[in-house]
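Residue numbers (this note's numbering): 35 to 606. Glycine included, each C-beta is placed from N, C-alpha and C at the ideal position.
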């Protein structure tokens with residue numbers, strides 16, 4: 035579709051209005067969702083797409099792995115149903131059509147204006163439960179992971195298809211939360227459809243074809259210009275994952291030719307019979323995000339920014355799984371793709387790329403009975419430290435590359451028989467360098483109530499901590515323990531008794547630049563703030579604190595069991 039010339043003021047107003055509609059759709063989901071995972075942790079995305087299914091507008095709060103998947107799933111919906119009614123609502127959670135695992139339910143609502151489809155309002159949200167083994171990494175196939183919903187109509191011509199809701203309710207542990215969130219998604223998408231139609235009436239336009247073509251064209255040009263600034267060449271990198279029985283590798287060849295960027299993941303480990311495999315859609319979403327984040331972060335994200343980026347991945351591999359491979363915890367692979375891309379780009383433009391962040395960070399899913407016999411489900415999303423960059427230290431406890439967040443501890447405690455005993459930053463966990471990596475977190479959770487419950491864990495970076503760049507040191511490894519020193523499977527399901535405590539430590543960010551270049555005042559400030567111990571400062575930086583300024587009492591005098599566990603794992 036050729037772009038239509040439009041004066042800059044009109045273009046800016048209409049473009050901003052489309053983004054505002056996506057923002058309002060997002061706000062409605064937040065305000066009406068039932069589950070903590072959506073309402074508190076923001077594990078969802080709302081977008082507008084063109085009648086052809088191309089991504090047009092997204093809100094500020096939007097998951098990188100979901101935005102591309104929204105356009106992909108819409109194209110599958112369009113292929114399945116050439117004809118739509120204004121009050122139709124489509125639904126699916128097929129991992130290979132949507133967002134990579136069964137927990138993510140995608141919905142699409144057509145936007146009609148003057149009798150024709152002018153857009154689709156689409157959203158994807160992670161459901162609190164989808165049945166099966168629950169949110170975990172230890173399933174052997176997708177058939178164990180929960181309820182699969184092929185593309186179907188949830189509402190047909192405005193009439194609810196009650197059987198779909200009934201099937202979902204019968205197969206999930208917390209139907210009130212799951213159905214509540216799905217209703218929130220439907221309401222938000224319908225509002226976005228109405229707002230889009232209102233915009234067209236106000237602007238006196240028949241459709242969005244002209245503005246869409248202009249928006250996508252400008253984003254494409256900006257992205258191509260950014261790619262053109264990178265020297266032509268082939269840049270390689272690989273990331274080593276902890277895996278299960280043995281390490282797994284994500285291998286990348288990144289090619290820059292003029293204004294085009296190509297990913298080739300040949301040589302990556304094959305898919306495994308455990309639930310960390312990533313589908314092509316999800317892989318592409320994070321790979322494209324990584325390039326845009328480094329090369330052109332400021333332009334709004336849409337289909338135009340993706341056009342210069344192509345991706346090849348061997349079928350039945352860790353990054354392009356084939357049915358019926360399990361993938362409930364595919365985020366471990368998806369989040370690892372970003373540092374692999376960053377590492378390849380760092381060979382071309384080293385100053386533009388930060389050191390590796392403390393991601394993938396562990397996730398713990400607690401579930402089981404309350405004392406009154408009802409079921410609970412509580413997913414703990416943790417975050418590690420960001421990597422240091424050429425201009426500043428990494429921030430502590432920040433979620434990256436996903437922008438989900440850890441729910442309020444008080445909210446989680448109010449909805450589950452859990453008590454958060456501790457949440458604190460870990461001294462010495464950020465990688466040393468000219469700019470230090472962000473600190474890790476250590477969190478302890480105690481089981482309350484009278485019943486045994488389960489925790490499903492999904493972690494990485496226990497054996498392969500985040501790497502430092504350009505002379506910076508690695509960040510601290512992740513770790514998990516049960517009790518004071520008991521073993522907790524890094525990827526598995528464990529039964530916990532009342533009174534037991536689980537402690538998890540997230541990875542610290544890698545350091546950036548040579549240690550000798552770190553400002554001495556910054557080292558002193560780290561000691562005073564408890565970010566670094568005096569012993570580590572002396573060992574790493576040969577730093578001796580002034581006698582007139584006593585050492586900070588904030589520095590811990592002992593190391594917890596989880597810290598000791600992490601150090602043992604790192605030595606191995």
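If you follow the beta strand (DSSP E) that residue 117 is part of, which residue opens it and which one closes it? Within the chain shown, the letter at position 83 stands for residue 117. Taken as a continuous stretch (DSSP letters only), residue 117 belongs to no beta strand (DSSP E), as it is neither H nor E.
Is it buried or exposed, residue 521, if we count other Cβ atoms within 10 angstroms and call 16 or more buried? Within the chain shown, the letter at position 487 stands for residue 521. That one is exposed.
Where residue 395 and residue 281 are concerned, what is the direct C-alpha to C-alpha distance, given to the nearest angstrom? Along the chain shown, read from residue 1 onward, the residue named residue 395 stands at position 361. Along the chain shown, read from residue 1 onward, the residue named residue 281 stands at position 247. Straight-line Cα distance between these residues: approximately 17 angstroms.
If you draw a straight line from the alpha carbon of residue 642 to that of residue 87, how long is it in whole angstroms? Nothing can be reported for residue 642: it is not among the residues displayed for the chain, which extend from 35 to 606.
Find out if the Cβ-Cβ distance for the pair residue 135, residue 361 is shorter than 8 angstroms. Sequence index remark: in the chain shown, residue 135 carries index 101 (1-based). Sequence index remark: in the chain shown, residue 361 carries index 327 (1-based). The answer is yes: Cβ separation under 8 angstroms.
How about the stretch 192-210 and the stretch 170-178: do they share at least three Cβ pairs that are nearer than 8 angstroms? no
Excluding the 5 residues flanking residue 517 on each side, which residues of the same chain have their C-beta closer than 7 angstroms to its C-beta? The residue labelled residue 517 in the question sits at position 483 within the chain shown. 534 and 535.
Within 10 Å of its beta-carbon, does residue 463 have 16 or more other beta-carbons around it, so buried, or fewer, so exposed? Against the chain shown, residue 463 aligns to sequence position 429. Per the 10 Å Cβ criterion, buried.
Could you tell me how far apart the beta carbons of residue 118 and residue 158 are, in whole angstroms, since I believe they sit closer than 8 angstroms? If you number the chain shown from 1, residue 118 lands on position 84. If you number the chain shown from 1, residue 158 lands on position 124. Going by Cβ atoms, the distance from residue 118 to residue 158 rounds to 19 angstroms, so no, they are not a contact pair.
Could you round the C-beta distance between residue 482 and residue 453 to whole angstroms and report it? I think they count as a contact, below 8 angstroms. Your numbering for residue 482 matches position 448 in the chain shown. Your numbering for residue 453 matches position 419 in the chain shown. So it is a contact: roughly 6 angstroms between Cβ atoms.
Scan the stretch 183-225 and note each continuous beta strand (DSSP E) run of 3 residues or more that stays entirely inside, going in chain order. 186-190
In the DSSP assignment, the beta strand (DSSP E) including residue 283 goes from what residue to what residue? Within the chain shown, residue 283 is the residue found at index 249, counting from 1. From DSSP, the beta strand (DSSP E) with residue 283 extends over 282-291.
Would you report the Cα separation of residue 291 and residue 385, rounded to the nearest angstrom? Here residue 291 refers to the residue found at position 257 of the chain shown. Here residue 385 refers to the residue found at position 351 of the chain shown. If you take the alpha carbons of residue 291 and residue 385, they lie about 21 angstroms apart.
Among 448, 178 and 182, the one whose alpha carbon lies nearest that of residue 307: One-based indexing of the chain shown puts residue 307 at position 273. When each option's Cα is compared against that of residue 307, the closest is 178.
Let me know if residue 275 comes out buried or exposed under the rule of 16 or more other beta-carbons within 10 Å of its beta-carbon. Along the chain shown, one-based indexing puts residue 275 at 241. Per the 10 Å Cβ criterion, buried.
Supposed contact pair residue 357 and residue 176 - C-beta distance, whole angstroms, cut 8 angstroms: Here residue 176 is taken as the residue at index 142 of the chain shown, counted from 1. Here residue 357 is taken as the residue at index 323 of the chain shown, counted from 1. Contact holds; Cβ gap of about 7 angstroms.
Please classify residue 349 as buried or exposed, where buried requires at least 16 neighbouring CB atoms within 10 angstroms. If you number the chain shown from 1, residue 349 lands on position 315. Classification for residue 349: exposed.
Give me, in chain order, the residues of the same chain whose beta-carbon lies closer than 6 angstroms to that of residue 379; leave out the 5 immediate sequence neighbours on both sides. Position 345 of the chain shown, counting from 1, holds the residue named residue 379. The residues are 328 and 387.
Own chain, CB closer than 8 angstroms to residue 332, minus 5 neighbours either side, in chain order: Reading the chain shown from its first residue, position 298 is the one you call residue 332. So the list is empty, once near-sequence residues are dropped.
Terminal residues of the beta strand (DSSP E) in which residue 275 lies: Here residue 275 corresponds to residue number 241 of the chain shown, with the count starting at 1. Counting along the chain, the beta strand (DSSP E) containing residue 275 begins and ends at 267-275.
Could you give the residue range of the alpha helix (DSSP H) that holds residue 329? Here residue 329 corresponds to residue number 295 of the chain shown, with the count starting at 1. Note, residue 329: alpha helix (DSSP H), 314-329.
Any chain B beta carbon closer than 8 angstroms to residue 328: Going by chain labels, chain B is absent from the structure shown, which holds only one protein chain.
Indicate the three-state DSSP secondary structure (helix, strand or coil) for residue 138 in the structure shown. Taking the first residue of the chain shown as 1, we reach residue 138 at position 104. Residue state, collapsed to three classes: strand.
Look at the Cβ atom of residue 368, then the Cβ atom of residue 317, and state whether they are nearer than 8 angstroms. Against the chain shown, residue 368 aligns to sequence position 334. Against the chain shown, residue 317 aligns to sequence position 283. Closer than 8 angstroms, so yes.
Check whether the stretch 238-254 and the stretch 102-113 touch, using three or more Cβ-Cβ pairs below 8 angstroms as the test. no
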